[in-house]
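Working notes, structure below.
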Amino acid sequence: MNQDSPSYLLDHPKDTDIIIAVLGPLGSGKSHFINDYFGRTGSPAVVGSPTTLSACTTDVAAYCAPTPEIDYGGRRVVLLDTPGFEEPSFEDKNALDNVLDWIKKYSPRPTLAGIVYVYDPTEKRLRSFCGGRNGGGEMLDVSLRSLLGENFAEKQVRVLINAHWQTLLNSDPEAGFNRLKSLLVELDRPPKQVQTDNFLRRVNSPQDVKAIVDMLAATAETAAPPCSNTKAPLPHLEGLKRSDDSYIRDENHDDIIIMIMGATGSGKSRFINQYLGENCADVGHELTSQTRKIAWYSRALPSSHSLYPRNVILVDTPGFNQTFEDNPEILRQVGVWLADTYHRDFKLAGIVYLHDIHQKRALRSTELNFSVFEKLIGEGRLEKIVIATSHWDELPPESIPSFSGREKELQDLYWGQLLERGVRYGRVGSADSVHAIVNQILSQTATDASDLHLRIQEELLQLKMIIPATDAGRQLKYSIDILLEILHEDLRKVPDDHMERALQLRMAKQAAKKQLKELRIPLRYRLKAFFNLN
Ligand SMILES: Nc1nc2c(ncn2[C@@H]2O[C@H](COP(=O)(O)OP(=O)(O)OP(=O)(O)O)[C@@H](O)[C@H]2O)c(=O)[nH]1
Ligand SMILES: [Mg+2]
């Protein structure tokens, strides 16, 4: 770089920076791309330059304009020059890890505006992305997912054809372009369809480069503020019971958190004990709910595991029940726990929702639990959620076919929509089956670093709602309303001489009414929401 030219190396990162990573094989034109963007003959980008972001040595170099010449509402465009793939002395996986680490260091909840993958169309081998040595396309696939999240296909990933080589080498760029297209289609396997044409761009001039960066920057989301585990409590959630040992401690920040949910008796605590191989969680043998408050259990992964030295944390949750004991309180506990976890930047790796295969879906408490669960998770990404039916180990072999039929009915009629939206399904009973489900979530965590965002977290944190106003809160109220009607009807039909039954039903009605009262949305809140004052 010219000694007199201003420094393009990034000095102080800002949360609002628009980060675009420029990836590609060694010598494909990454630095060239960056230089073209900044439009300086002084060539700010030099392959392999160290970043000034931290003292630690890394091959990722970050560049941004010294003066805000490109201004997206005051935000800066930061281009990352990355180590080239296929570098003989450097594993491709390490190159990707470096990029990932750099971005994580930049912001704990980084939002990458896009990836530009520079590819030379005259590259004869064109055997795969990201080198052929380490799984090629597979690895780029994994890295794109971990950098951009599962929906990376919808984000702005661009693959470029750098025309500088086009003129240098006398080959067939069109054929290269088409091969690249088919690689991209392979990369994003069904069911998601990549609009290949959106991804490919040819670069013939600095104007092309600028147009691509502008396009990525224009759709960039604002990064979340930096993480702090000692964040202030959530004012609108104050006053709720926070039994402190329910909350995950700061030192568990990197642990893999899996929440176990489901109706009372579905086997949540047993699931946890089977995974841990010891009886930590209280397993119930009565009809009433056993687990009354959230509790979590941690286990270190073995040193042979790819996610070592992280721990797995399984979170036991209370299920809703039709005896109307504490249902609003349970929702409050679960909601506040989830909000708190998210607020303190803990990542939720997955949820296992258990359903006792003996139960027909119509059973009231099962219905209640599932309907609230559906609202609680919302419409977001669901690949990290597993619905599992339990108690399979208890079934005599001759009854398996009939339970398989019930399982199919549940999948088709009740869980179909969720399964179509990516929720996974499994059976549990034995310890092996429990391990298989947890391992499935772990391997997903290894390939996709993004976390699970639930509707209730968004409602409680971003939309500052109170629990009864959330979708799950409203659903709970609706379900209790219906149960109340059923109780009313049952009571009407009780013969005069069945005093005890009538008394039971009256008490249940009373309890239900009390719960409904707790789920009422105060007028003050409704007015505020109406005038958008929250
Ligand atoms: N054999 C067998 N028993 C199970 C299975 N799942 C649950 N159970 C039994 O069902 C009963 C309830 O299980 P728990 O693990 O306490 O259920 P839970 O979902 O934690 O229930 P709450 O804490 O009340 O919400 C216990 O007797 C368990 O041993 C299973 O898959 N196989
Ligand atoms: Mg339990």
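For the sequence shown, the working numbering gives the first residue as 17, with consecutive numbering after it.
Just so you know, even glycine gets a beta-carbon here, dropped at the ideal spot from N, CA and C.
Just so we're clear, the structure is a prediction, and the values are computed from it rather than from any experiment.
With 16 other Cβ atoms within 10 Å as the buried cut-off, status of residue i
{"i": "P344", "result": "buried"}
{"i": "Q172", "result": "Unreliable positioning characterises Q172 in this predicted model, as indicated by a pLDDT of 43, which lies under 50. The coordinate reading is nonetheless provided below. The residue in question, Q172, is buried, as its Cβ has 16 or more Cβ neighbours within 10 Å."}
{"i": "I34", "result": "buried"}
{"i": "L519", "result": "exposed"}
{"i": "A528", "result": "buried"}
{"i": "G293", "result": "exposed"}
{"i": "L479", "result": "exposed"}
{"i": "G335", "result": "buried"}
{"i": "N455", "result": "exposed"}
{"i": "D342", "result": "buried"}
{"i": "P417", "result": "exposed"}
{"i": "A355", "result": "buried"}
{"i": "P41", "result": "buried"}
{"i": "H514", "result": "exposed"}
{"i": "G432", "result": "exposed"}
{"i": "N220", "result": "exposed"}
{"i": "N295", "result": "exposed"}
{"i": "T32", "result": "exposed"}
{"i": "M481", "result": "buried"}
{"i": "E414", "result": "exposed"}
{"i": "E436", "result": "exposed"}
{"i": "E501", "result": "exposed"}
{"i": "S70", "result": "Because S70 carries a pLDDT of 30, less than 50, the predicted location of this residue cannot be relied on, and no value is offered for it."}
{"i": "E383", "result": "buried"}
CB contact flag (residue i, residue j, <9 Å)
{"i": "K391", "j": "R490", "result": "yes"}
{"i": "L429", "j": "T405", "result": "no"}
{"i": "D52", "j": "Y79", "result": "no"}
{"i": "H504", "j": "G445", "result": "no"}
{"i": "I276", "j": "V352", "result": "no"}
{"i": "L551", "j": "I483", "result": "For the chain, the structure presents residues 17 to 550; residue 551 sits outside this window and is missing."}
{"i": "W312", "j": "I264", "result": "yes"}
{"i": "G55", "j": "P222", "result": "yes"}
{"i": "Q460", "j": "K525", "result": "no"}
{"i": "A233", "j": "I50", "result": "no"}
{"i": "L434", "j": "L398", "result": "yes"}
{"i": "R92", "j": "A77", "result": "no"}
{"i": "I310", "j": "S262", "result": "yes"}
{"i": "N385", "j": "G278", "result": "yes"}
{"i": "G394", "j": "E516", "result": "no"}
{"i": "V115", "j": "L39", "result": "yes"}
{"i": "R443", "j": "E423", "result": "yes"}
{"i": "A447", "j": "Q290", "result": "yes"}
{"i": "H321", "j": "L458", "result": "yes"}
Distance cut-off 8 Å: residue i Cβ against heavy atoms of ligand 3
{"i": "P413", "result": "Ligands displayed in this structure: ligand 1 and ligand 2; ligand 3 is not among them."}
Contact belief for residue i with residue j at Cβ below 8 Å, rounded distance in angstroms
{"i": "D298", "j": "S314", "result": "The Cβ separation is near 17 Å, so there is no contact."}
{"i": "L317", "j": "V331", "result": "Not confirmed; about 17 Å, so no contact."}
{"i": "I472", "j": "A462", "result": "26 Å between Cβ atoms; not a contact."}
{"i": "V134", "j": "S282", "result": "Their Cβ separation, rounded to whole angstroms, is 51 Å, which puts V134 and S282 out of contact at 8 Å."}
{"i": "G130", "j": "K46", "result": "Not a contact, Cβ separation roughly 14 Å."}
{"i": "V450", "j": "F287", "result": "5 Å"}
{"i": "L521", "j": "L539", "result": "Actually they do not touch by this definition, with Cβ atoms about 31 Å apart."}
{"i": "L492", "j": "V388", "result": "5 Å"}
{"i": "V132", "j": "I274", "result": "Contact flag wrong, Cβ pair sits at about 35 Å."}
{"i": "F419", "j": "I453", "result": "Actually they do not touch by this definition, with Cβ atoms about 18 Å apart."}
Across the segment 520–532 and the segment 492–500, are there enough close Cβ pairs to call them in contact, namely three or more that are closer than 8 Å?
The segment 520–532 vs the segment 492–500: in contact.
So within the segment 351–431, which uninterrupted alpha helix (DSSP H) runs reach at least 4 residues, ignoring any that extend past its ends?
380–393, 416–425, all fully within the segment 351–431.
Would you check if the segment 357–369 and the segment 464–472 touch, i.e. whether three or more CB-CB distances between them fall below 8 Å?
yes
At which residue ranges does the segment 436–508 contain complete alpha helix (DSSP H) runs of 4 or more residues, listed in the order of the chain?
447–463
Those runs of the beta strand (DSSP E) which lie wholly inside the segment 281–348 and span at least 3 residues:
List check, beta strand (DSSP E) in window: 311–316, 327–332.
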